[in-house]
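Chains as they are written, first to last, in this note's numbering: chain G, 6 to 136; chain W, 45 to 269.
These notes are about the structure you will find just below.
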Amino acid sequence: MTERAEAAARAALAYRALADLAETVEDEWQYVTDLTDAYLPSIEALAGAAAPLPAGAMDAVDEAIDEIALITDPHKAIDWLSTFPHVVAIALGGDVDEGPETAPTERADDAEPEPPEPDDDPPFKLLRFHR
Amino acid sequence: MRFQDAARDARTVVYAGIQADPLVARVAGLLVAATPAERWMARAVMNGERTEPEIWRRIFPSLFGEGPAAAAAEFLGHAEKLLAASLEVANRGEQARSSYRGAIVEELTAQLLARRSGTVKRERRVLFDGVPAEIHPYDVTVESAAKPEVYDCKWGARGINADVLNQLDDARTHAADEEIELDVAIVVFDARRSADIRLDRSTARRDGTRLVALETFDELAKARP
Chain G
6 MTERAEAAAR AALAYRALAD LAETVEDEWQ YVTDLTDAYL PSIEALAGAA APLPAGAMDA
66 VDEAIDEIAL ITDPHKAIDW LSTFPHVVAI ALGGDVDEGP ETAPTERADD AEPEPPEPDD
126 DPPFKLLRFH R
Chain W
45 MRFQDAARDA RTVVYAGIQA DPLVARVAGL LVAATPAERW MARAVMNGER TEPEIWRRIF
105 PSLFGEGPAA AAAEFLGHAE KLLAASLEVA NRGEQARSSY RGAIVEELTA QLLARRSGTV
165 KRERRVLFDG VPAEIHPYDV TVESAAKPEV YDCKWGARGI NADVLNQLDD ARTHAADEEI
225 ELDVAIVVFD ARRSADIRLD RSTARRDGTR LVALETFDEL AKARP
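In structure tokens:
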């Protein structure tokens with residue numbers, strides 16, 4: 006396993022732990038799940054980037070992992086579910102704003118679209134005008 | 045349609061004190077000139093648990109001397125100033141921090157909009173003939189007679205909710221009833237992807253509402269078509 010792959014794997018493991026903490030906020034379970042479903046594969050995909058590892062990247066990822074390991078408040082964990090993938094992407098020199106590339110046989114536009122899920126709205130009660 | 049100052053209650057008086065803190069304008073001013081990576085650094089620091097600058101320099105080596113982006117002293121100096129200012133916010137403590145972060149996003153939005161318009165105001169309500177007034181004011185408004193704009197600002201995508209989306213869309217619709225093209229937008233200092241994920245689960249009408257995210261903040265300073 007390359008250094009880059011090791012760093013991405015460690016970041017993905019830490020991200021799963023962060024998501025476990027975040028999903029204890031019951032009203033935000035769906036949002037936490039959606040964020041995790043989107044970003045976790047993108048973090049894992051950082052392992053495959055062809056570019057050389059930037060200077061300081063390994064230390065940066067480990068420090069970022071240490072930072073999120075300190076979080077005990079699940080609400081703060083939700084904030085970091087969006088932030089952490091971008092911090093790791095900046096360190097490793099990649100992008101987490103798009104999903105990982107799909108194999109030619111699994112093109113996204115070939116897939117059957119899933120029906121939209123109903124929005125049962127409970128998160129909005131707590132989050133009224135949350136800054 | 046007309047704009048009006050929001051009524052001031054105890055909460056808004058306290059919040060106005062935070063909005064007026066010079067630290068808010070200083071952080072926002074640094075964010076105006078920041079790169080996307082610097083903006084992510086600021087977001088991380090102001091959300092962070094640790095407040096030792098050397099830790100954040102290690103987390104963002106490309107901004108602090110080890111990568112090509114830091115090769116120019118200009119970039120290095122700006123990142124250091126932004127780090128120091130972001131740590132000042134983080135050091136205000138957990139309770140104050142969230143108010144500061146909200147105020148910073150509003151001020152950043154206002155500063156960018158002011159680059160193209162001289163009529164940028166804060167904490168304003170929009171009134172329409174025959175329509176009960178909304179309780180909550182808009183964070184930032186551009187009060188142009190020809191192309192008025194209203195902005196609701198959020199630190200994180202999690203702040204997007206049905207109430208905010210409905211208020212923005214209602215305002216746009218009522219303005220259209222008066223044959224006024226009101227531009228409505230929600231601004232989040234967070235990833236566009238996270239905001240899209242949040243919006244995907246909402247059934248509130250938002251097809252006429254613009255989304256401005258961390259990666260696209262600079263669009264605020266550009267003239268609207």
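Virtual Cβ for every residue (Gly too), placed ideally from N, Cα, C.
Check                                                                                                                                                                                                        : Outcome
For Thr-107/G, decide whether its Cβ has a neighbour in chain W, counting only Cβ atoms nearer than 7 Å.                                                                                                     : Bear in mind that a pLDDT of 43 at Thr-107/G, under 50, signals an unreliable position, so the number given afterwards is only what the model happens to contain. Output row for Thr-107/G: interface = no.
According to DSSP, which residues form a beta bridge with Phe-172/W?                                                                                                                                         : Val-175/W
Report the residues of the region 194-218 of chain W with a CB closer than 9 Å to any CB of chain G, ordered along the chain.                                                                                : Asp-196, Cys-197, Lys-198, Trp-199, Gly-200, Ala-201, Arg-202, Gly-203, Ile-204, Asn-205, Ala-206, Asp-207, Val-208
Per DSSP, what kind of secondary structure is Lys-266/W in: helix, strand or coil?                                                                                                                           : coil
Rank Thr-260/W, Ser-246/W, Thr-163/W, Phe-233/W by C-alpha distance to the C-alpha of Thr-88/G and give the top, closest one.                                                                                : Phe-233/W
With DSSP collapsed to three states, give me the class of Phe-89/G.                                                                                                                                          : helix
Roughly how many angstroms separate the alpha carbons of Pro-97/W and Ala-215/W, rounded to a whole number?                                                                                                  : 43 Å
Can you confirm whether Arg-87/W, when its beta carbon is compared against all beta carbons of chain G, has any partner nearer than 7 Å?                                                                     : yes
Where Ala-134/W and Glu-222/W are concerned, what is the direct C-alpha to C-alpha distance, given to the nearest angstrom?                                                                                  : 45 Å
Does the Cβ of Pro-192/W have 16 or more other Cβ atoms within 10 Å, making it buried, or fewer, making it exposed?                                                                                          : buried
Kindly say whether Asp-234/W, judged by its beta-carbon, lies nearer than 7 Å to any beta-carbon of chain G.                                                                                                 : yes
Give a yes or no on whether the minimum CB-CB distance between Arg-112/G and chain W is below 7 Å.                                                                                                           : Interpretation of Arg-112/G is limited by its pLDDT of 34, a score under 50 that renders its predicted location unreliable; the figure taken from the coordinates is listed afterwards. Taking Cβ atoms only, chain W never reaches closer than 7 Å to Arg-112/G, which makes this a no.
Between Val-175/W and His-122/W, how many whole angstroms is the CB-CB distance? I'm expecting something under 8 Å.                                                                                          : Between His-122/W and Val-175/W the Cβ distance is about 45 Å, and since that is not below 8 Å, they are no contact.
Could you tell me which uninterrupted beta strand (DSSP E) segments, each at least 3 residues in length, are contained entirely in the region 210-243 of chain W, listed from first to last along the chain? : 227-232
Just the C-alpha distance for Val-66/G and Leu-97/G, rounded to the nearest angstrom, thanks.                                                                                                                : 8 Å
What is the DSSP secondary structure of Glu-167/W, counted as helix, strand or coil?                                                                                                                         : strand
Which of helix, strand or coil does DSSP assign to Glu-98/W?                                                                                                                                                 : helix
Would you check if there are 3 or more beta carbon pairs closer than 8 Å linking the region 49-60 of chain G to the region 245-254 of chain W?                                                               : no
CB-CB under 6 Å to Ala-62/G, same chain, minus the five flanking residues each way: which ones, in chain order?                                                                                              : Ala-96, Leu-97
Taking the continuous beta strand (DSSP E) assigned at Arg-46/W, which residues delimit it?                                                                                                                  : 46-49
Please report how far the alpha carbon of Ala-3/W lies from the alpha carbon of Val-256/W, in whole angstroms.                                                                                               : Nothing can be reported for residue 3/W: it is not among the residues displayed for chain W, which extend from 45 to 269.
Which value, in whole angstroms, describes the spacing of the CA atoms of Glu-151/W and Glu-8/G?                                                                                                             : 41 Å
From Ile-142/G to Trp-34/G, what does the alpha carbon distance come to, in whole angstroms?                                                                                                                 : For chain G, the structure presents residues 6 to 136; residue 142/G sits outside this window and is missing.
How is the beta strand (DSSP E) around Leu-255/W delimited, first residue to last?                                                                                                                           : 253-256
Of all the CB atoms in chain W, is at least one closer than 7 Å to the CB of Glu-8/G?                                                                                                                        : no
Excluding the five sequence neighbours on either side, which residues of its own chain have a C-beta within less than 6 Å of the C-beta of Leu-3/G, listed in chain order?                                   : With chain G covering 6 to 136 only, the question about residue 3/G has no answer from this structure.
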